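Please read the structure below before turning to the comments.
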Amino acid sequence: MKKILLFIAVVALTCTTAQAQEVRLGAKLGLNVASLGGDSYGVGSLGSRTSFHIGALAEIPLKGKFALQPELLYSSEGSDWSWGLGDNALKLDYIRVPVLAKFYIIEGLSAEAGPVFGVLVNASDDSDVDIKDLYKSFDAAIGIGATYRLNMGVFFSLRYNKGLLDVNDVDDYSGSNQSNVFQVSAGYSF
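If you count the sequence shown from 1, position 38 lands on 53 in this note's numbering, and the numbers rise without skipping.
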């Protein structure tokens, strides 16, 4: 996992150095609507958790209408669920590293897709009890979305991250749950 993140950082820095005059750096902030897909926890139903993400990005032009966009984000995810006597929230906070290929459809509007890697930094429930040992420390997803960037550098993005790996790390649990997140973002790049 650490090797993958180090490799991504080296590639991003190499590309940045090679084409420094054209690279756009930026920051973004947005809304997450997250849930756990897959098998439910048995009794009850899983719902969406609304939270946020914040981070930085670099857009590296490649050839023609293509670009590479690595990001470093703090993303608060998880799920809400109801069972028995009440509702509960599962808070899974990740450091996410999306590495997206971008294609510009028209000036300012791009479609993007690529892998989204994540390292779990916090896991808790409504009572803020640390339950990090019940979840895997590494996660991977595939992200797909679109961004519109205005000439002044302000941009707006929509993205869906579909989890690929089971986030559970519980012995004798036969279910499988993936972290799925819909993101709406705004940011600035220069």
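By construction, the Cβ of each residue, glycine as well, lies at the ideal position given by its N, Cα and C atoms. These numbers were taken from a predicted model, which means no experiment stands behind them.
Item to complete: Determine, using beta carbons only, whether residue 73 and residue 40 come nearer to each other than 7 Å.
Response: One-based indexing of the sequence shown puts residue 73 at position 58. One-based indexing of the sequence shown puts residue 40 at position 25. Against a cut-off of 7 Å, the Cβ pair of residue 40 and residue 73 comes out as a contact.
Discussion item. Output needed for residue 48: all residues of its chain with C-beta closer than 6 Å, excluding positions within five of it in sequence on either side, in chain order.
Written reply: Numbered from its first residue, the sequence shown carries residue 48 at position 33. Closer than 6 Å at Cβ, skipping near neighbours: 63, 65 and 197.
Practice prompt. Work out the CA separation of residue 157 and residue 80 for me, nearest whole Å.
Written response: Numbered from 1 along the sequence shown, position 65 holds the residue referred to as residue 80. Numbered from 1 along the sequence shown, position 142 holds the residue referred to as residue 157. Rounded to whole angstroms, the separation of the alpha carbons of residue 157 and residue 80 is 21 Å.
Item to complete: Kindly list the residues whose CB is nearer than 7 Å to the CB of residue 139, restricted to its own chain and excluding five residues on each side of it in sequence; keep chain order.
Response: To locate residue 139, count along the sequence shown from 1; it is residue 124. So the qualifying residues of the chain are 106, 145 and 146.
Worksheet item: Can the beta-carbon of residue 179 be found less than 7 Å from the beta-carbon of residue 155?
Response: Taking the first residue of the sequence shown as 1, we reach residue 179 at position 164. Taking the first residue of the sequence shown as 1, we reach residue 155 at position 140. At a Cβ-Cβ threshold of 7 Å, residue 179 and residue 155 count as neighbours.
Discussion item. Tell me the DSSP secondary structure of residue 58 in three-state form.
Written reply: As a first step, residue 58 is located in the sequence shown; it is residue number 43 there, counting from the start. Unreliable positioning characterises residue 58 in this predicted model, as indicated by a pLDDT of 49, which lies under 50. The coordinate reading is nonetheless provided below. Assigned with DSSP and collapsed to three states, residue 58 falls in coil, not helix or strand.
Worksheet item: Span of the beta strand (DSSP E) holding residue 70?
Response: Working through the sequence shown from its first residue, we reach residue 70 at position 55. The continuous beta strand (DSSP E) containing residue 70 extends over residues 64–76.
Fill in: Buried or exposed (CB count within 10 angstroms, at least 16 for buried), residue 75
Start at 1 with the first residue of the sequence shown, and residue 75 comes out as number 60. Classification of residue 75: buried, given that the 10 Å Cβ count is 16 or more.
Worksheet item: By the 10 Å Cβ neighbour count, where 16 or more other Cβ atoms means buried, how is residue 192 classified, buried or exposed?
Response: Residue 192 sits at position 177 when you count from the first residue of the sequence shown. Residue environment: residue 192 is assigned as buried (16 or more neighbouring CB atoms within 10 Å of its CB, all protein chains considered).
Worksheet item: For residue 80, which of helix, strand or coil comes out of DSSP?
Response: Start at 1 with the first residue of the sequence shown, and residue 80 comes out as number 65. Here residue 80 sits in coil by DSSP.
Practice prompt. Let me know if residue 43 comes out buried or exposed under the rule of 16 or more other beta-carbons within 10 Å of its beta-carbon.
Written response: Sequence index remark: in the sequence shown, residue 43 carries index 28 (1-based). By the 10 Å Cβ count, residue 43 comes out buried.
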